[in-house]
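*Asks:*
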Amino acid sequence: MAITVYSKPSCVQCNLTKDLLDSRGMNYKTVDVSKDAKALEFVKGLGYMGAPVVVTEDDHWYGFRPDKIKALAAA
1 MAITVYSKPS
11 CVQCNLTKDL
21 LDSRGMNYKT
31 VDVSKDAKAL
41 EFVKGLGYMG
51 APVVVTEDDH
61 WYGFRPDKIK
71 ALAAA
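Sequence positions in the sequence shown follow the numbering used here and run 1 to 75.
1. From this set, 10, 12, 18 and 33, which residue's C-alpha is nearest residue 70's C-alpha?
2. Tell me whether residue 51 is buried or exposed, calling it buried when 16 or more other Cβ atoms sit within 10 Å of its Cβ.
3. Taking only runs of the alpha helix (DSSP H) that begin and end inside the segment 28 to 75, which ones reach a length of at least 4 residues, in chain order?
4. Taking the beta carbon of residue 21 as the centre, do at least 16 other beta carbons fall within 10 Å, making it buried, or is it exposed?
5. Which term fits residue 12, buried or exposed, when burial requires 16 or more other beta carbons within 10 angstroms of its beta carbon?
6. I need the boundaries of the beta strand (DSSP E) containing residue 7, first residue and last residue.
7. Can you tell me the Cα-Cα spacing of residue 54 and residue 5, whole angstroms?
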C-alpha cells in the first residue's frame, strides 16, 4: 500500500504520525511541503492548510490520527 506523509520541519503532529507508522513497520514516503511547492499546492487542493497530510491509495486525512494508522496497519 502506498502511503505518503506531507509534512514540514518542527511539526509535532508530523513527527508523531511518522513515529507511529515506523512503530507499525509501515513503509511510507515523506514529502516536505516547505521545500516542494507542487506538493504544497497538491495538499491545498485536497482542502488542507496544515500538516501532516497523509495520503493513501483510498483515503487522505489531516493531523495525527492514530485510529486511521491502526486501521491501515490492520488492512
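Glycine residues also receive a C-beta, built at the ideal position from the N, C-alpha and C atoms.
*Replies:* So, to answer that:
1. As a first step, residue 70 is located in the sequence shown; it is residue number 70 there, counting from the start. Closest by alpha carbon: 18.
2. The count along the sequence shown starts at 1 and reaches residue 51 at position 51. With 16 or more other Cβ atoms within 10 Å, it is buried.
3. 37 to 45 and 66 to 74
4. Taking the first residue of the sequence shown as position 1, residue 21 is located at position 21. Classification for residue 21: buried.
5. To locate residue 12, count along the sequence shown from 1; it is residue 12. By the neighbour-count criterion, in which 16 or more other beta carbons inside 10 Å mark a residue as buried, residue 12 falls on the exposed side.
6. In the sequence shown, counting from the first residue as 1, residue 7 sits at position 7. Run containing residue 7: 3 to 7, per the beta strand (DSSP E) assignment.
7. Counting from one through the sequence shown, the residue named residue 54 turns up at place 54. Counting from one through the sequence shown, the residue named residue 5 turns up at place 5. For residue 54 and residue 5, the distance between alpha carbons rounds to 5 Å.
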